[in-house]
Every structure is written in structure tokens, then in C-alpha cells.
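S.K.: Residue numbers (our numbering), protein chains in the order written: chain V, 1 to 134; chain A, 135 to 268; chain U, 269 to 402; chain G, 403 to 536. Note that beta-carbon positions come from the ideal geometry of N, C-alpha and C, so glycine has one too. Note that the coordinates shown come from a computational prediction; the quantities given were computed from them, not determined experimentally.
There are 4 protein chains.
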Amino acid sequence: MSLYVYEHTVSFGDCDPAGIVYYPNFCDWTDATFHGYLRDHGPGHRSLCAELGARGLGLMEVGMRFRSPAVDGDRLAMVLESIDWSERSFRVNYRALIGDRLVLDGFETRGVFVPGADGRIRAAPVAPLRQRLG
Amino acid sequence: MSLYVYEHTVSFGDCDPAGIVYYPNFCDWTDATFHGYLRDHGPGHRSLCAELGARGLGLMEVGMRFRSPAVDGDRLAMVLESIDWSERSFRVNYRALIGDRLVLDGFETRGVFVPGADGRIRAAPVAPLRQRLG
Amino acid sequence: MSLYVYEHTVSFGDCDPAGIVYYPNFCDWTDATFHGYLRDHGPGHRSLCAELGARGLGLMEVGMRFRSPAVDGDRLAMVLESIDWSERSFRVNYRALIGDRLVLDGFETRGVFVPGADGRIRAAPVAPLRQRLG
Amino acid sequence: MSLYVYEHTVSFGDCDPAGIVYYPNFCDWTDATFHGYLRDHGPGHRSLCAELGARGLGLMEVGMRFRSPAVDGDRLAMVLESIDWSERSFRVNYRALIGDRLVLDGFETRGVFVPGADGRIRAAPVAPLRQRLG
């Protein structure tokens with residue numbers, strides 16, 4: 001299953017002294033995958049937030065399991081597999097592959113963050129976002 | 135409880151267009167916290183790996199819950215709270231605080247990765263590392 | 269000469285497969301040094317921009333010469349040495365040191381970017397900023 | 403003129419609180435462009451270094467002028483335009499474009515770094531690299 005695929009060729013500078021991808025870069029690529037999906041299925045993050053009166057579609061939780069290493073020159077496909085919608089959050093599921101080899105599976109739980117009456121940010125219902133992304 | 139504290143003042147460039155810390159940077163800081171701990175309780179990652187015949191003390195899994203946002207100028211304390219030792223992995227537990235406010239709690243599960251007879255990397259028993267870090 | 273010093277202990281994740289600092293990180297640290305200076309000599313970037321009606325104190329040019337390598341564990345001092353003020357730009361001069369050893373010298377040329385009548389961003393006179401940072 | 407083009411769609415996380423690309427990311431992309439060129443015109447950095455007895459093709463100097471901003475969703479083409487070869491260094495010239503609009507022009511001066519008899523790293527003649535890249 002796949003809703004969107006982000007492709008990235010791993011570069012020297014993505015890797016650490018052990019010669020494999022420095023793991024925070026995987027978070028950078030899952031985030032880029034999510035934002036690519038938003039542009040592919042709608043007007044992109046900025047316009048979506050304007051429509052929804054939101055400050056951002058930010059992170060509540062992240063989890064990743066690293067299955068095999070990636071090195072300079074590897075062609076990585078970061079797959080946004082599915083989204084599980086809850087009341088005030090949604091979970092985006094990812095798998096990263098190099099060819100057939102699984103590199104990573106994981107998720108980001110995100111919310112639609114809006115400013116409340118007291119000025120503090122809170123997580124709003126996600127139904128309008130879900131409907132918009134169709 | 136605290137085994138090590140990494141301090142970082144959040145800077146403009148750590149933040150995204152919503153004005154809050156771009157979340158992969160938190161992974162960068164947990165990693166830096168772990169490596170700071172290795173230097174504080176031993177000879178540091180490179181020398182430790184040489185002693186243990188390891189290629190690296192790399193990631194198997196990561197999980198983080200984002201509790202409140204951090205912005206430019208915030209003084210962040212990333213606390214390495216504890217390590218849970220298993221047979222061939224260990225889980226490093228973190229909390230990030232700005233003053234008394236909780237920003238993040240999470241963990242990294244890491245292994246001691248050594249080259250096997252077939253040249254492939256595998257997770258070795260972690261007891262020697264545990265003993266070395268005392 | 270020194271207007272501000274930003275200290276950073278180089279970590280494993282800052283380094284590339286050659287084991288030395290991946291160079292874009294130096295830009296990250298000069299930027300953090302500039303923003304630390306803004307907080308040290310004034311109210312910080314966000315408040316300064318609000319005062320000046322500016323969108324940001326952004327980059328027009330950068331130049332760096334890399335004099336010697338830095339590795340995991342090195343204690344780096346990024347020194348903001350001086351600022352050369354022009355009419356609509358200012359040049360911030362840096363040196364990075366590990367102990368007495370020069371690692372880098374360089375500069376960032378920045379402007380005070382304001383929205384013009386046509387909505388486009390342009391570089392405003394820097395005199396108000398200079399006066400404010402005193 | 404163009405020896406290689408690296409394409410990147412700017413993502414939310416590449417941008418700073420002013421909503422434009424955080425400038426160290428441009429250095430990340432010039433570095434990725436150079437390494438993409440090495441894979442396109444030869445066996446890539448790792449194998450090239452093994453052939454040349456080099457530790458890396460590292461940075462001696464960098465310079466960039468920022469001509470116009472880039473934002474989330476922009477399709478950036480980072481063009482490696484030419485290489486100027488000297489005796490013990492080479493200068494790689496870049497232009498970044500969004501459509502016809504110039505975003506950045508700049509250069510990286512790099513060397514072929516080899517371990518000397520005393521164990522210290524020094525810049526070797528670049529002629530063998532030049533010949534290999536043809």
C-alpha cells in the first residue's frame with residue numbers, strides 16, 4: 001500500500017563516521033515525505049493551514065525501527081503507506097526501502113494545532129483535514 | 135534520575151516556519167547526549183568501539199513523544215535518565231526540559247554492532263559495554 | 269577581538285564518513301553564533317525584527333576557509349570577532365578555534381530584510397539595527 | 403554550462419521561521435551535488451578515494467551569494483557548472499535555479515587529502531583525480 005513515495009539518493013554528507021546514514025536524517029526524510037504528500041493531495045502545508053486556521057500539522061509522537069543500514073549512493077524510497085485517523089490526531093505510517101530491502105518502518109503521530117482562546121496551542125479535530133485530503 | 139545532561143540553547147535555525155523546533159533536531163540532540171555520556175563515563179565512542187571490536191553503537195529503534203514546543207532562545211536540558219540493559223541491545227531513556235517544563239520524553243534502543251564472520255554486521259552482547267561504562 | 273563566543277562540543281553525528289565535521293554544520297554554528305550575539309546584545313532576532321519592521325536579518329553572502337579539521341569530542345569556540353557595517357548590509361566576521369588551533373575563518377554578509385510597497389522583500393538601511401545593538 | 407544537476411524540492415523542514423530556506427541547507431545540497439557528480443562521472447567518493455589513496459575530497463573554502471529566496475514547494479535545480487583545476491586544489495562552481503530564477507551562485511574549493519609520512523593530512527596533486535573523472 002502506498003499513498004506517496006519520496007525518493008532520495010543517500011549522499012556522503014547524510015552519513016556518520018561509521019559510514020551509514022546518521023539517523024536524524026531519516027526523520028528529515030519522513031517529514032519531507034509527509035509534506036510532499038500534502039502537496040500531492042492538496043495545496044501544501046501553508047495553504048492547508050490557512051484554510052484550517054491552523055498553526056501547523058505538527059508532531060505529537062514519532063517511532064522508528066531501523067531494519068538495515070543505508071550508505072552513500074543508495075537509492076532510498078520513503079513510502080507513506082497509510083494514515084490512521086483518530087479524533088484529534090492522525091498517525092502516518094512509513095516504510096523506507098532500498099530496492100526490496102526494508103531499511104526502516106515507523107510512524108509519526110501528528111495533530112492539527114490551532115491557537116485556543118487563551119492563546120495556547122491545542123490539538124483540534126482532524127476531520128476537516130481528512131476531508132480536505134480526500 | 136540523571137546519568138548525563140546535555141545543554142543546548144535553541145537557535146533560530148533549529149526552528150521551522152511555525153517558529154518551533156523542527157523535530158529531527160531533537161534526534162540530533164538525543165544522539166549528542168548519548169555521545170556526551172560516552173565521553174563522560176568512558177573514552178568516547180571511537181575508543182570504546184576500538185576496545186570492543188565494534189563498528190558502532192548504532193540505532194535499532196527510536197521513540198519520542200513531544201509534550202510542549204521549544205522556540206528560539208529556550209535553554210533546553212536533554213537529560214539521559216537511565217539505561218535499560220538487555221542481552222543484545224540497550225535502551226537509553228531521555229527527557230528534555232526547559233526549566234521545569236517537559237518538552238519531550240523518549241528513548242533510543244541501540245546495539246553494539248560488530249562485523250560477523252560473513253562480513254555482515256550483527257548485534258553483539260552488550261555486557262562488555264555495560265561493564266566498561268560502569 | 270571578540271564580540272561573542274559560541275561553544276559547541278563536536279559530536280559523532282556532526283561528522284562525516286571521513287570522521288571530520290561535515291562542513292554545512294559549520295554554517296549552522298556561525299548562524300547560531302550570530303543569533304546568540306543578538307540575544308546577548310539585545311532582545312533576540314524575533315523582537316529585533318518586530319522593532320525594525322523586518323522579516324529577518326538574512327544572508328546575502330557567506331565565505332569560509334577551512335584551516336584544520338575538527339573531530340568528535342573537540343571543544344569548538346566559534347568567535348564572532350567583529351561586524352563591518354555598510355549602508356544596506358553588514359559583514360559578520362568569525363573565527364573557529366579548538367584551543368589555540370584555528371579551524372575556520374569566515375564571514376556572513378547579512379541584510380535587514382523588509383517588505384517593500386510592492387510586497388517584495390528588499391534590504392533596508394542597517395543603521396537602526398547598528399544603533400540598537402550598540 | 404552544466405556538468406551535473408541535482409534536483410531537490412524544498413520542504414517545510416528546510417525552512418526557518420522566516421519561511422525561507424535555512425542557508426546551511428544550501429551547503430548540504432552543493433555537497434550532495436558534488437557527490438552526485440562523482441557517482442555520475444566515476445565510481446563515487448568511496449571508491450575514488452580508495453583508488454587515489456585519499457582520505458577524502460574535502461573542503462578548503464566555500465563561498466556563496468544568495469540571490470533570491472527559496473520556499474517550501476520550490477523545485478530547486480543545483481547546477482554543477484564547471485571545475486577549475488589548480489595544482490593541489492580544485493574549485494567547483496555552482497548555480498542554483500528555481501525555473502529561470504537565480505537563487506544562489508557559489509563555489510567550493512576542495513582538495514585531495516592524503517595522509518603524509520608524519521600521519522598528518524595534506525593536499526595532494528589533483529591531476530590523478532582530474533584524469534579519472536575525464
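With a threshold of 8 Å between beta carbons, is Y439 of chain G in contact with chain A?
M.R.: The sequence position of residue 439 of chain G within the fourth sequence is 37, counting from 1. No, no contact with chain A.
S.K.: Measuring CB to CB, does R457 of chain G end up less than 8 Å from V516 of chain G?
M.R.: Position 55 of the fourth sequence, counting from 1, holds the residue named residue 457 of chain G. Position 114 of the fourth sequence, counting from 1, holds the residue named residue 516 of chain G. Their beta carbons are under 8 Å apart, which means R457 of chain G touches V516 of chain G by this criterion.
S.K.: Quick one: residues in its chain with C-beta nearer than 6 Å to the C-beta of G178 of chain A, no 5 flanking neighbours on either side, listed in chain order?
M.R.: Along the second sequence, one-based indexing puts residue 178 of chain A at 44. Same-chain partners within the cutoff: L172.
S.K.: According to the Cβ coordinates, are A70 of chain V and I20 of chain V closer than 8 Å?
M.R.: Along the first sequence, read from residue 1 onward, the residue named residue 70 of chain V stands at position 70. Along the first sequence, read from residue 1 onward, the residue named residue 20 of chain V stands at position 20. In this structure, I20 of chain V lies closer than 8 Å to A70 of chain V by Cβ.
S.K.: List in chain order: all unbroken beta strand (DSSP E) runs of 3+ residues lying wholly within the segment 403-436 of chain G.
M.R.: Entirely contained in the segment 403-436 of chain G, the beta strand (DSSP E) runs reaching 3 residues are, in chain order, 406-411.
S.K.: Kindly indicate if chain V contains any beta-carbon less than 8 Å away from that of R448 of chain G.
M.R.: Numbered from 1 along the fourth sequence, position 46 holds the residue referred to as residue 448 of chain G. Closer than 8 Å to some Cβ of chain V, the Cβ of R448 of chain G qualifies, so yes.
S.K.: Using the three-state DSSP reduction, which class does D100 of chain V fall into: helix, strand or coil?
M.R.: For the purposes of this step, residue 100 of chain V is taken as residue 100 along the first sequence, with counting starting at 1. Here D100 of chain V sits in coil by DSSP.
S.K.: From U:D386, U:R343, U:L365 and U:H303, pick the residue whose C-alpha is nearest to that of L325 of chain U; which is it?
M.R.: For the purposes of this step, residue 325 of chain U is taken as residue 57 along the third sequence, with counting starting at 1. Of U:D386, U:R343, U:L365 and U:H303, the residue nearest in Cα terms is U:H303.
S.K.: Going by alpha carbons, who is nearest to D433 of chain G out of G:L461, G:G475 and G:P530?
M.R.: Here residue 433 of chain G corresponds to residue number 31 of the fourth sequence, with the count starting at 1. Ranking G:L461, G:G475 and G:P530 by Cα distance to D433 of chain G puts G:L461 first.
S.K.: Check whether the segment 256-266 of chain A and the segment 213-227 of chain A are in contact - that is, three or more C-beta pairs closer than 8 Å.
M.R.: Yes, they touch.
S.K.: Once you ignore the five residues that flank L535 of chain G on each side, which residues in its own chain have a CB closer than 7 Å to its CB?
M.R.: Here residue 535 of chain G is taken as the residue at index 133 of the fourth sequence, counted from 1. Counting only Cβ-Cβ distances below 7 Å, and skipping sequence neighbours, we find H443 and G444.
S.K.: Which value, in whole angstroms, describes the spacing of the CA atoms of Y362 of chain U and S279 of chain U?
M.R.: Taking the first residue of the third sequence as 1, we reach residue 362 of chain U at position 94. Taking the first residue of the third sequence as 1, we reach residue 279 of chain U at position 11. Going by the C-alpha atoms only, they are around 21 Å apart.
S.K.: Give the range of the alpha helix (DSSP H) segment to which R534 of chain G is assigned.
M.R.: Here the question's residue 534 of chain G lines up with position 132 in the fourth sequence. It spans A529 to L535 - the alpha helix (DSSP H) in which R534 of chain G sits, taken as one unbroken run.
S.K.: Given a threshold of 16 other Cβ atoms within 10 Å of its Cβ, counted over all protein chains shown, does L210 of chain A qualify as buried or as exposed?
M.R.: Indexing the second sequence from 1 puts residue 210 of chain A at position 76. Buried, since its Cβ has 16 or more Cβ neighbours within 10 Å.
S.K.: Consider the Cβ of Y157 of chain A: report whether some Cβ of chain V lies at a distance smaller than 8 Å.
M.R.: Indexing the second sequence from 1 puts residue 157 of chain A at position 23. Yes, contact with chain V.
S.K.: Thinking C417 of chain G and P151 of chain A are a contact (beta carbons under 8 Å), I'd like their distance in whole angstroms, please.
M.R.: In the fourth sequence, counting from the first residue as 1, residue 417 of chain G sits at position 15. In the second sequence, counting from the first residue as 1, residue 151 of chain A sits at position 17. Contact flag correct, Cβ pair sits at about 5 Å.
S.K.: Is there a C-beta anywhere in chain U that falls below 8 Å from the one on D16 of chain V?
M.R.: Counting from one through the first sequence, the residue named residue 16 of chain V turns up at place 16. So, interface residue.
S.K.: Taking all protein chains shown into account, do 16 or more other C-beta atoms lie within 10 angstroms of the C-beta of R398 of chain U, making it buried, or fewer, making it exposed?
M.R.: Along the third sequence, one-based indexing puts residue 398 of chain U at 130. Label assigned to R398 of chain U: exposed.
S.K.: Going by beta-carbon coordinates alone, are L499 of chain G and T435 of chain G separated by less than 8 Å?
M.R.: Within the fourth sequence, the letter at position 97 stands for residue 499 of chain G. Within the fourth sequence, the letter at position 33 stands for residue 435 of chain G. Contact: no.
S.K.: Within its chain, find whatever has a CB closer than 8 Å to the CB of E141 of chain A; leave out the 5 residues flanking it on each side and keep chain order.
M.R.: In the second sequence, counting from the first residue as 1, residue 141 of chain A sits at position 7. R209, L210, A211 and M212, listed in sequence order.
S.K.: Alpha carbon to alpha carbon, what distance is there between G281 of chain U and L372 of chain U?
M.R.: Start at 1 with the first residue of the third sequence, and residue 372 of chain U comes out as number 104. Start at 1 with the first residue of the third sequence, and residue 281 of chain U comes out as number 13. Between L372 of chain U and G281 of chain U, the C-alpha separation is close to 19 Å.
S.K.: Tell me the DSSP secondary structure of S235 of chain U in three-state form.
M.R.: Since the first residue of chain U shown is 269 and the last is 402, residue 235 of chain U is not available in this structure.
S.K.: Could you round the C-beta distance between T377 of chain U and E329 of chain U to whole angstroms and report it? I think they count as a contact, below 8 Å.
M.R.: Position 109 of the third sequence, counting from 1, holds the residue named residue 377 of chain U. Position 61 of the third sequence, counting from 1, holds the residue named residue 329 of chain U. Right, the Cβ-Cβ distance comes to about 4 Å (below 8 Å), so this counts as a contact.
S.K.: Between Y138 of chain A and G106 of chain V, what straight-line distance do the alpha-carbon atoms span, to the nearest angstrom?
M.R.: Here residue 138 of chain A refers to the residue found at position 4 of the second sequence. Here residue 106 of chain V refers to the residue found at position 106 of the first sequence. Roughly 28 Å separates the two Cα atoms.
S.K.: Please confirm whether G465 of chain G and S491 of chain G have their CB atoms less than 8 Å apart.
M.R.: As a working note, residue 465 of chain G is residue 63 in the fourth sequence. As a working note, residue 491 of chain G is residue 89 in the fourth sequence. Not in contact: G465 of chain G and S491 of chain G (Cβ atoms no closer than 8 Å).
S.K.: Whose C-alpha, out of A:N159, A:M135 and A:R201, is nearest the C-alpha of L236 of chain A?
M.R.: As a first step, residue 236 of chain A is located in the second sequence; it is residue number 102 there, counting from the start. Checking every option, the nearest Cα to that of L236 of chain A belongs to A:R201.
S.K.: The alpha helix (DSSP H) spanning L186 of chain A covers which residue range?
M.R.: Position 52 of the second sequence, counting from 1, holds the residue named residue 186 of chain A. Counting along the chain, the alpha helix (DSSP H) containing L186 of chain A begins and ends at H179 to L186.
S.K.: Could you tell me which of A:D234, A:G233, A:D206 and A:G187 sits nearest to G250 of chain A, measuring between CA atoms?
M.R.: Taking the first residue of the second sequence as 1, we reach residue 250 of chain A at position 116. Checked all of A:D234, A:G233, A:D206 and A:G187; the closest Cα to G250 of chain A is A:G187.
S.K.: Could you name the residues of the same chain whose beta carbon sits closer than 6 Å to that of Y424 of chain G, not counting the 5 residues immediately before and after it, in chain order?
M.R.: For this step, residue 424 of chain G is matched to residue 22 along the fourth sequence. D418.
S.K.: Can you tell me the Cα-Cα spacing of A452 of chain G and G73 of chain V, whole angstroms?
M.R.: In the fourth sequence, residue 452 of chain G corresponds to position 50, counting from 1. In the first sequence, residue 73 of chain V corresponds to position 73, counting from 1. Approximately 16 Å between the Cα atoms of the pair.
S.K.: Could you list the residues in the segment 320-344 of chain U with a C-beta less than 8 Å from some C-beta on chain V, going in chain order?
M.R.: From the segment 320-344 of chain U, only D340 have a Cβ closer than 8 Å to chain V.
S.K.: Along the chain, where does the beta strand (DSSP E) containing P115 of chain V start, and where does it finish?
M.R.: Translated into the one-based positions of the first sequence, residue 115 of chain V becomes position 115. Taken as a continuous stretch (DSSP letters only), the beta strand (DSSP E) holding P115 of chain V covers V112 to P115.
S.K.: What is the rounded straight-line gap between the Cα of R314 of chain U and the Cα of G501 of chain G?
M.R.: Numbered from 1 along the third sequence, position 46 holds the residue referred to as residue 314 of chain U. Numbered from 1 along the fourth sequence, position 99 holds the residue referred to as residue 501 of chain G. Distance between the alpha carbons of R314 of chain U and G501 of chain G is about 32 Å.
S.K.: So for G170 of chain A, helix, strand or coil by DSSP?
M.R.: Start at 1 with the first residue of the second sequence, and residue 170 of chain A comes out as number 36. If DSSP states are grouped into helix, strand and coil, G170 of chain A belongs with the helices.
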